[in-house]
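Residue numbers (our numbering): 62 to 206. Here's the structure, in structure tokens; my notes come after.
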Amino acid sequence: MAEYKRPGWFISHVGNGFISLAAKLGISLQGAHMLTVQGRRSGTKRTMPVNPLHFEGKRYLVAPRGDTHWVRNLRATGEGELRLGRKRETIHASEVPDEEKAPILRAYLDRWAGVTASHFGVSKKPTDEEIARVVPRSPVFRIEP
């Protein structure tokens, strides 16, 4: 089961706010988009920055911090909205089984290891063993339009 690595104060209040503002203005910092998902209990729409990954002709959402609220909400609803500036896209998402995650996680880390490797608990150039170790605790969703 995936764990949840809560972000520190600076990331929660400054970093994510800056990335969110840029994405709302249509500026994608390192590929960031805004994901809106309906809360699984409250029904309230929740929005947070994510980095959609394009890999082998498909798109994915990877949760470097594990079983976050957006992961649990997306798992429950199976749908959400990706937004960059004024461009909005309704998405459907299905969770990728563990046996398919390793190449997706490697591609994600190849792109964003500088800012996410520590969340996964791997080096910036992870070995196959490191990737295999984090597969069970790293939620990955395949995005469908």
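For each residue, glycine too, the CB sits at the ideal point set by N, CA and C. Since we're looking at a predicted model, the values are computed, not measured.
Report yes if the C-beta distance between residue i and residue j is below 8 Å; otherwise report no.
i, j, result
"Arg-147", "Gly-87", "yes"
"Leu-101", "Arg-133", "With the sequence shown as reference, residue 101 is identified as Arg, and Leu is not the correct amino acid for it. Contact: yes."
"Arg-120", "Pro-110", "no"
"Thr-151", "Glu-140", "yes"
"Glu-160", "Phe-202", "no"
"Ser-184", "Glu-191", "yes"
Between which two residues does the alpha helix (DSSP H) containing residue i stretch?
i, result
"Val-123", "Premise fails: Val-123 lies in the beta strand (DSSP E), 119 to 123, not in any alpha helix (DSSP H)."
"Arg-194", "189 to 195"
Would you tell me roughly how many angstroms separate the C-alpha atoms of residue i and residue j, rounded to the nearest one?
i, j, result
"Ala-137", "Ala-154", "10 Å"
"Leu-166", "Gln-91", "17 Å"
"Leu-122", "Thr-97", "13 Å"
"Thr-188", "Ala-84", "32 Å"
Hey, quick one: how far does the beta strand (DSSP E) through residue i stretch, first residue to last?
i, result
"Arg-144", "140 to 145"
Using the rule of at least 16 other Cβ atoms within 10 Å of the residue's Cβ for burial, across every protein chain shown, is residue i buried or exposed?
i, result
"Ser-179", "exposed"
Contact check, residue i vs residue j under 8 Å by CB: the rounded distance?
i, j, result
"Lys-162", "Ser-103", "Not really, about 29 Å apart at Cβ, beyond 8 Å."
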